[in-house]
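Here the structure comes first, spelled out in C-alpha cells, and everything after it is commentary.
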Amino acid sequence: MKSWFKIIIAILFVAIGNGCKEIFDPEIDANISVLVVEGVITNQPGPYYVKLSWAGNYGVNETPELISSATVNVNDNNNINFQFLEIQPGIYESPPELEGVVGGTYTLIVTLPDGEIYSSFPQTILPSTDIQSLNADSTVQKTYTETKYGDLILNETPGVEVTIKTNTYPENNPLVRFNTNLIALYTWVKPGPDPMLPDQLFYCWKFRNNVEGINNINKPTSGNQVESIDNTVIAFIPNDRSFFGLDNNNQLFHVIVKVSLYSLNEDSYQFYSDVSKQLSSDGSLFSPVASQLFTNIYCVTNPEKKAAGLFEASSVVQKDYVLWKPPLSYYLMIEETENFINIPPPNCLLEEKPWFWIN
Amino acid sequence: MFYKPAMPKSIPAILYTALFFIFIKPLQVHSQNSNHCSSHISIVRLVSELERGNNIKIFYNPSWLSSDSVCINTLYLPLNEALSAISENSKLDILRLDSYYIIIPRESQPQIFEKEETSIAIIGNPNEFGRYSKASITGKILDGKTSEPLIGAIVYVENLEIGSSTDVNGNYSLELPVGEHNLRLSYMGYEVNFKKIKLVSPGELNLDLFEESHQLEGVTVFAQRADQNVTQTQMSVVKLDSKALQKLPTTLGEKDIIKSVTLLPGVQTVGEFGTGFNVRGGSADQNLILIEGIPLFNTSHLFGLTSIVNPDLVKGVTLIKAGIPAKFGERAASVMDIRLGSDANKKISVKGGIGLINSRLSLDIPFVNARGYAILGGRSSYSNWLLHSIPDEDLMNSSANFFDVSGQVFIPLGNRYSVSAFGYLSNDGFSYSHDQDFRYSSVLSSVKINAIHNQTTTSNLLFGVSSYSYLLSDLSVKNPLNSYNLESKVDYYTTRWNLSSFLSTRYIIEAGVSGNLYIVNPGEVNPAGETSTVSPKQTQHDKAAELAAFVSNTINITNNFSADIGVRFAQYFKLGPGTQYIYSENEPLAPAEITDSISYAGNKIMASYSGFEPRVNLRYQLSQTSSLKVSYNRIFQFISQVSNTSIATPADVWYLSNKYIKPLESNQLAIGIFKNFSNNEIESSVEVYFKNQRNIVETKNNAQILMNPFLETDLLNVLGKSYGVELYVKRNAKVLSGWLSYTYSRAIQKTNSPFQEEQINSNQYFAANTDKPHSLVVNTNIQLNRRWRVGTTFTYSTGRPITLPELNFTHNNQLIIYYSDRNKYRLPDYHRFDVSLSFDGTLRLTKKWKSQWTLSVVNVYGRKNIYSTFYQKTQPSAANNYRQYSLYKLYIIGRPLPTLTYTFIF
C-alpha cells in the first residue's frame with residue numbers, strides 16, 4: 054500500500070502545472086497593402102482634409118507611410134467634382150469652393166500613383182443636433198486599482214462631471230459622437246528677480262484635448278440601439294490641478310469646455326462603434342472574436358485590394374462653455390460663451406490677458 | 073404465434089413471466105375425484121376432448137400421459153379447473169403460453185431448462201404443418217437481464233448462411249424455408265447463443281442474450297460483431313454498446329462517451345477540451361444529443377473537461393451522421409442517441425470510481441425478477457485543488473467544480489406494457505480569477521410508456537423536459553460599480569408518439585408524431601452587489617413550437633437490396649408574446665432601419681416555416697462481405713446557438729428562427745462502400761459525403777450577442793458547403809483490436825448580400841470554424857493477458873481556422889488593428905498521443921467485489937495544443953515588439969498528464 058501511495062503522490066505532483074498561456078506569434082502574411090483613409094467633411098466651413106497612408110505591419114512600431122502624389126477628389130450629389138490639393142506628404146486639402154451642407158452627399162475618389170482607384174460609399178451629411186446646455190456637477194469618481202498582490206485599492210477622485218443636454222426627443226435619438234477639448238485659463242505668479250521688485254503675473258492657457266477619447270459615441274444600450282444623448286458624460290475634470298499640469302504657483306481661473314457634437318450617418322457610426330469595441334476589448338474569455346473593422350472605402354479597379362479607415366461626412370455643432378466656481382458659492386457654474394477659434398498654442402503672457410480671457 | 077415446449081436459460085426473461093404455471097388446486101375438484109367419481113377417463117382422452125371442446129391446442133408427448141387417468145366429471149369443469157385436475161392427478165405440469173398449453177413431466181423440467189442446445193422451439197401453428205414452404209419469423213432480441221431491446225444484434229441461420237440484424241427497437245425478421253434450423257445469436261459484448269427451431273408457419277420468437285461473463289473464457293470480439301456494418305441498411309452509423317463502451321479510450325481516468333466519438337471518422341473536436349463536437353462540418357449545435365430521448369443543450373462539465381453523461385449508467389450509444397432516420401429531426405448534422413440501462417442480474421450492484429478530477433458512484437437495483445430496475449448515479453468533482461496548484465495567478469485564484477445526478481426507473485406493467493422514468497440534474501461552477509463567476513445547470517426528465525399491441529406492432533409515448541440555464545456574474549473586481557449578473561435559460565418540452573409495425577418480413581413501417589415547445593430567455597441583467605450601479609435589463613423571451621410527423625419504411629426488396637425510405641414533415645411556429653420589428657426594405661438590417669414594430673399577444677403566430685424532409689438509405693449487397701450504400705437526408709433546424717467568442721462556451725445564446733433569421737436547411741448525400749475481411753475480423757469502409765446548407769446562422773463582424781434585443785441585426789444567414797471522404801479500418805480481435813480513421817473534409821461558407829455590412833470576406837467563400845481538412849486517428853487496444861490491457865490513441869488534425877491581426881494603422885492618432893479576412897489563418901496543427909494501462913483486480917465471476925485500476929497518460933509528448941487565443945492589453949516592451957495588444961495562446965495540457973483511476977463494482 055505504501056508503494057501505491059508514493060506512486061499516486063508522484064503522479065499528482067507531475068500532474069500539476071499543465072495549463073498556461075503564452076504569447077502567440079503566428080506567421081502572418083503581411084505582404085499586403087491596405088490603403089488607410091482618414092478624411093472628414095462637415096457642414097462647418099472648410100478647409101477639409103484627407104490623409105492617405107499605408108497600414109503598417111502588426112507589431113512593428115513605425116510611423117505610417119504616407120501616400121504622396123495621389124489624386125483626391127470629392128463628388129457631391131450635384132455631380133460637382135472638387136479636387137483636393139496635397140499640402141503635405143499624404144495630407145490633402147479641399148478647395149475653398151467645397152462647403153459641406155446638411156443633406157449633401159459626398160463621395161471620395163482616390164487615385165493612387167499606381168493607377169488603382171479607391172472610392173468611398175456615398176456619405177450624406179445628416180441634420181445636426183443642437184446642444185441645449187451643459188451641466189456640471191461636483192462628484193467623486195471611484196475607480197479601483199489592483200496591487201501586484203491582488204489587493205484592490207479604491208481611488209476616489211473629486212472633480213466635476215460635465216454632461217450634455219440636447220434638443221432631441223428620446224424616441225428619436227440620432228447617432229452621434231462627442232469631441233471635448235478643454236482649455237485651462239490660469240495665472241502664474243513668478244517671483245520677481247529681485248526681492249525689491251514685484252512679482253510677475255502671467256496669464257496662461259493650456260489644452261487638454263479628447264478628454265473622453267474620439268470614440269465617445271452615444272453608447273448602444275443593447276445591440277446597436279443607442280441610448281439617449283442627454284446626460285452623456287462628455288468630460289470629467291478632476292479638482293486636482295495637476296490634471297492640467299499645474300502646480301501651486303498656478304491659480305486656475307476658468308476652464309473652457311469646447312464641445313463638438315457630430316451627427317453621424319450609419320457608416321460613420323458603425324466605424325466608430327467598431328473602433329470603440331476593439332479598443333475596449335479586455336481580452337477576457339468572453340471577449341468577442343476579433344473581427345475586421347467596418348470601412349466605407351473600397352477599391353474600384355481591383356476588388357481584391359483592401360482598404361481601411363473612414364471618409365466621414367457629418368454635421369457638427371460646436372459650442373464653447375466656461376466653467377467656474379463663483380466665490381463663496383457652493384455650486385459650479387457652466388455657461389455658454391462665444392466660440393473661441395484659432396486659439397494659439399499654450400503660452401503665457403506677462404501682465405497681459407489674452408484675447409479669449411474671461412474675467 | 074409461438075410455442076416453446078422447453079425453457080432454456082437463454083429464453084428472454086420477459087417470456088418467463090408470460091408463462092402461467094397452472095397449479096390451481098381447487099378443493100372441489102380434488103374431492104370429486106376422491107369421493108364422488110363414478111368413472112375415469114384417460115388423460116390422453118381428456119386432453120383430446122378439452123382441445124375439441126375449448127378450441128385450443130395442447131402440446132404433449134403421448135408417452136408421458138399413457139398411464140394416468142382422471143375422473144370423468146373433469147370433462148365438465150371449466151378449462152382451467154380441468155387442467156388443474158390433470159396436474160393434480162399426475163406428475164405433469166401444464167404451461168400456458170399465450171393461447172397454447174403445454175404438458176410436460178414435472179420432474180423433467182430442470183433437465184429441460186439446462187439442455188438449451190437440445191431444446192427446440194416450434195414456430196408457428198402446428199395445425200398448419202405442410203401448408204407453407206417458406207415462412208417468416210419475427211421477434212425481438214432482448215437483454216436477458218434487463219429485457220431492454222438490443223440494437224444491432226445478429227440472428228444468423230447457419231445452415232442457410234443468411235441472417236438479419238435487429239433494429240432500434242430490437243426487432244428482427246427472417247424468411248426461411250419451413251423445417252429445422254439452427255439460429256446463432258450474437259451481439260457485441262454478449263455471449264453467443266444458439267437456438268434450434270422448427271419452423272412450421274409464420275410466427276414469432278423472442279430471444280435473449282446475456283452479457284458475456286467477464287473475461288474468463290476470453291471473448292472473441294469479432295465473432296460477435298459479425299458483418300453488421302455491411303448488412304445493415306443504415307450507413308454512417310456508430311453503435312457502442314455497454315461492452316464497447318468499456319473499451320473506449322480513457323481521458324482523465326474516465327470513459328468519456330461524448331469525447332470518444334470524436335475519435336471516429338467525420339467527427340471532430342471543437343478544441344482540446346472544447347464544448348461539444350463537430351460532425352461533417354456542422355457546428356456543435358447541429359448535433360441532436362439525446363439522453364433517453366431528451367435533448368441536451370450543453371454537453372460538458374467545466375467548459376469541456378469532461379462530458380456531462382455519467383458513463384456508468386450508459387447502456388448504449390448510437391451516432392448517426394448521414395441518412396438520419398425520419399423519426400429524428402430538430403438538428404441538422406447528427407443524432408447521438410444515448411440510452412441508459414441496468415447491468416444488474418437480479419442482484420443489487422454498486423459501481424464507482426475514484427479519479428483525479430472527480431469520483432462517481434452508481435446504484436443498480438433490479439426488481440420484479442430483474443424485469444424492472446432502478447438505477448441512480450452521481451458524480452462530483454474536487455478539481456479546485458488542481459487549479460490552485462497551477463502556477464498562474466489567474467488560475468490560482470480560480471475555482472471549478474461540478475456535480476451531476478441521474479437515474480432511471482423501468483417498470484414492466486404486465487406483458488404488454490412498461491413504463492420508464494428518467495431524470496438528470498447537473499450543475500457547474502466556474503470562477504475565473506475572482507473576476508467572473510459562471511454557473512450553469514441542466515435538468516432533464518422524461519416518462520416513457522411502451523406498449524406491445526400485438527405480435528407485430530409496438531408503440532411508445534414519451535413526455536419530456538429539458539432545461540438549461542446559466543448565471544454569469546461579472547464581479548468586475550477592478551470596478552465593483554459595474555458588477556452584474558447575467559442570467560439566461562432555455563426550456564424545451566416535448567411529447568412524442570412512435571409506432572412500429574412488422575407488416576411482413578420484408579416490410580417494416582414506422583410512424584410517429586411529435587410536438588416540441590421552446591421557451592428561451594436570451595438574457596437578463598441585474599446588478600451584482602450593493603455597490604453596483606448597473607441598471608436591470610431584460611431582453612424579450614422567445615417562444616416557438618415545432619410539430620412534426622414522420623413515416624418510415626424498411627423494405628427488403630430482394631435479398632441483396634434493401635431500403636429505408638421515410639419522410640418527415642416539420643412545422644415551426646414562432647409564437648408571441650413578443651415584438652417584431654419592421655425594417656426598411658432594401659437596406660441592411662440595423663436598428664436605425666426600424667420603421668415600425670408589431671406586438672403579438674401570447675401564443676400568436678409571429679412567423680412560421682414548414683417543409684418536408686425526405687430520408688433515404690439504400691443498401692446493395694455486393695457480396696457476402698461487402699455492400700454499397702447510399703443515403704440522402706434533408707433536415708430543418710429551427711434553433712441555433714450563436715457565439716462570437718473564440719471558443720464555444722456554455723454562455724453562448726440559443727436563438728430561435730424568426731421572420732428574419734430563417735431556419736437552417738441541410739441536405740446531405742452520402743455514398744459508402746463497406747467491406748469486411750478475415751471472417752469479419754477486419755471492417756473497412758470508405759464514405760464520401762456532400763452537404764449543402766442554407767441559412768446557417770453566422771455573426772456579423774463585431775457582433776454583440778449578449779443582451780441584444782435586436783440580435784437579428786447582428787446575425788446573418790449564410791450558405792454552407794461541406795464535403796469529404798472518410799476512410800475507416802477497424803480490427804476486432806482478441807489480442808489486438810483498434811481502428812484507424814482518416815478524414816479529408818472541407819467546410820466552407822459564404823454570405824450573399826449586396827450590403828457591405830452584411831458581407832463576410834466580400835461574399836467570398838471562407839473556411840467555417842469547423843473546417844479542419846485532415847484528421848487522423850489511430851487507436852489500439854492490446855490485451856496483454858487476462859488482467860492487463862494497454863490502450864493507445866493518436867490523434868491529428870489540421871488546426872482550426874482563425875482570424876489574426878495582419879496590420880495596424882492610426883486614425884485620429886489612435887493605433888487600430890487591422891484584422892485579416894475571417895478565418896484566413898489556422899492555428900497550428902493539433903496532435904496528441906494518449907496511453908492507458910488497465911489492470912483487472914479479479915476475474916472470478918463469484919467474486920462480489922470487482923475492481924480495476926487504470927493509469928492513463930494524456931498528451932504523452934507534451935504537445936501544447938492551443939485551446940483558444942485571445943488578445944490582452946500589454947505594456948509595450950521589447951519582448952512583445954512594443955505592441956499595445958498581444959495575442960496569447962491558451963493551452964490546457966502542456967505536458968504529459970497522468971491520471972490514476974480506481975473503479976469498482978460489487
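Going down the list, the sequences are from chains P and Y. Just remember that the numbering used here sits 53 ahead of the position in the first sequence, which is counted from 1. Just remember that the numbering used here sits 72 ahead of the position in the second sequence, which is counted from 1. Every residue gets a Cβ at the ideal spot worked out from N, C-alpha and C, and that includes glycine.
Using a Cβ cut-off of 8 Å (strictly closer), state whether residue 178 of chain P contacts chain Y.
no
* chain P residues whose Cβ lies nearer than 8 Å to that of residue 557 of chain Y -> Those within 8 Å of residue 557 of chain Y in chain P number zero; the least Cβ separation is about 14 Å.
- Query: What whole-angstrom Cβ distance do residue 282 of chain P and residue 215 of chain P have, given they're in contact under 8 Å?
  - Reply: Not confirmed; about 14 Å, so no contact.
query = Taking Cβ positions only, does residue 343 of chain P come closer than 8 Å to chain Y?
reply = yes
> Looking at the structure shown, is residue 421 of chain P part of a helix, part of a strand, or coil, going by DSSP?
Replying inline: Outside the displayed span of chain P (54 to 412) sits residue 421 of chain P, for which this structure offers no information.
Checklist line | Secondary structure of residue 602 of chain Y, DSSP reduced to three states | finding: coil
| query | When the cut-off is 8 Å and only beta carbons count, does residue 977 of chain Y lie next to chain P? | reply | no
Practice problem: Counting only the same chain and skipping the five closest in sequence on each side, list residues whose C-beta sits under 6 Å from that of residue 758 of chain Y. | Solution: Answer for residue 758 of chain Y: 745 and 799, listed in chain order.
Ends of the beta strand (DSSP E) at residue 245 of chain Y?
-> Segment 243-249, the beta strand (DSSP E) holding residue 245 of chain Y.
| field | Member of P:140, P:91, P:373 and P:295 whose CA lies at the smallest distance from the CA of residue 350 of chain P | value | Nearest C-alpha to residue 350 of chain P: P:91.
* To do: Please name the residues in the region 354-369 of chain P whose beta-carbon is closer than 9 Å to at least one beta-carbon of chain Y, in chain order.
  => 356, 357, 359, 361, 362 and 363
### Query
Exposed or buried, what is residue 183 of chain P when buried is set at 16 or more other beta-carbons lying within 10 Å of its beta-carbon?
exposed
Secondary structure at residue 316 of chain P, three-state DSSP: helix, strand or coil? strand
| Apart from the five residues on each side of it in sequence, which residues of its chain come closer than 6 Å, Cβ to Cβ, to residue 21 of chain Y? | The first residue shown for chain Y is 73 and the last is 978, placing residue 21 of chain Y beyond what the model contains.
Should residue 731 of chain Y be flagged as near chain P, meaning a C-beta pair shorter than 8 Å? no
(Q) With a threshold of 7 Å on Cβ separation, who are the neighbours of residue 735 of chain Y within its own chain once the five nearest residues in sequence on each side are excluded? (A) 644, 681, 708, 709, 710, 729 and 767
* Determine, using beta carbons only, whether residue 5 of chain P comes closer than 8 Å to chain Y. => This structure cannot speak to residue 5 of chain P, because chain P is shown only from 54 to 412.
Beta strand (DSSP E) segments (min. 3 residues) lying fully within the region 639-695 of chain Y: Unbroken beta strand (DSSP E) runs of no fewer than 3 residues, entirely contained in the region 639-695 of chain Y, are found at 650-655, 666-672 and 677-695, following chain order.
Just verifying my parser: in three-state terms, what is the DSSP assignment at residue 300 of chain P? DSSP, read as helix, strand or coil, puts residue 300 of chain P in coil.
Original post:
Any idea if residue 367 of chain P is buried or exposed, counting beta-carbon neighbours within 10 angstroms, 16 or more meaning buried?
Top reply: buried
Could you name the residues of chain P that residue 897 of chain Y contacts, counting a contact when the two beta carbons are closer than 9 Å? 79, 80, 81 and 82
- Confirm, please, whether the CB-CB distance from residue 103 of chain P to residue 159 of chain P is below 8 Å. no
With distance defined between alpha-carbon atoms, name the residue in Y:863, Y:960, Y:834 and Y:908 nearest to residue 876 of chain Y. Y:960
Using three-state DSSP, classify residue 369 of chain P as helix, strand or coil. strand
| message | Just to confirm my understanding: we take residue 448 of chain Y, look at its own chain, exclude 5 residues before and 5 after, and list those with CB closer than 6 Å. What are they? | response | 435 and 479
- request: Run down chain P in chain order and give the residues with a C-beta less than 9 Å from the C-beta of residue 350 of chain Y.
  value: By Cβ distance, chain P contributes nothing, its closest Cβ being about 17 Å from residue 350 of chain Y, past 9 Å.
key: chain Y contact residues for residue 108 of chain P, given Cβ-Cβ distances below 7 Å   = 879, 880, 881 and 890
| Three-way DSSP call (helix, strand, coil) for residue 856 of chain Y in this model | coil
**Prompt:** Under 8 Å between the Cβ atoms of residue 241 of chain P and residue 255 of chain P?
**Reply:** yes
> Quick one: Cα of residue 101 of chain Y to Cα of residue 420 of chain Y, how far?
Replying inline: Its pLDDT being 33, under 50, residue 101 of chain Y is placed unreliably by the model, and the measurement read from it follows with that caveat. Residue 420 of chain Y has its alpha-carbon roughly 43 Å from the corresponding atom of residue 101 of chain Y.
*If you follow the alpha helix (DSSP H) that residue 331 of chain Y is part of, which residue opens it and which one closes it?*
Element bounds for residue 331 of chain Y: 329-333.
Supposed close pair residue 748 of chain Y, residue 755 of chain Y - CB separation, criterion 8 Å
5 Å
Next item on the list: Note down the Cα distance separating residue 454 of chain Y from residue 213 of chain Y, rounded to an integer number of angstroms.
Entry: 42 Å
Assign residue 525 of chain Y to one of two classes, buried (16 or more other C-beta atoms within 10 Å of its C-beta) or exposed (fewer than that).
exposed
Can you confirm whether residue 91 of chain P, when its beta carbon is compared against all beta carbons of chain Y, has any partner nearer than 8 Å? Chain Y, which has a Cβ nearer than 8 Å to the Cβ of residue 91 of chain P, makes this yes.
Report, in whole angstroms, the separation of the C-beta atoms of residue 511 of chain Y and residue 485 of chain Y, which I expect to be a contact under 8 Å. Not quite, the Cβ-Cβ distance comes to about 40 Å (not below 8 Å), so this is no contact.
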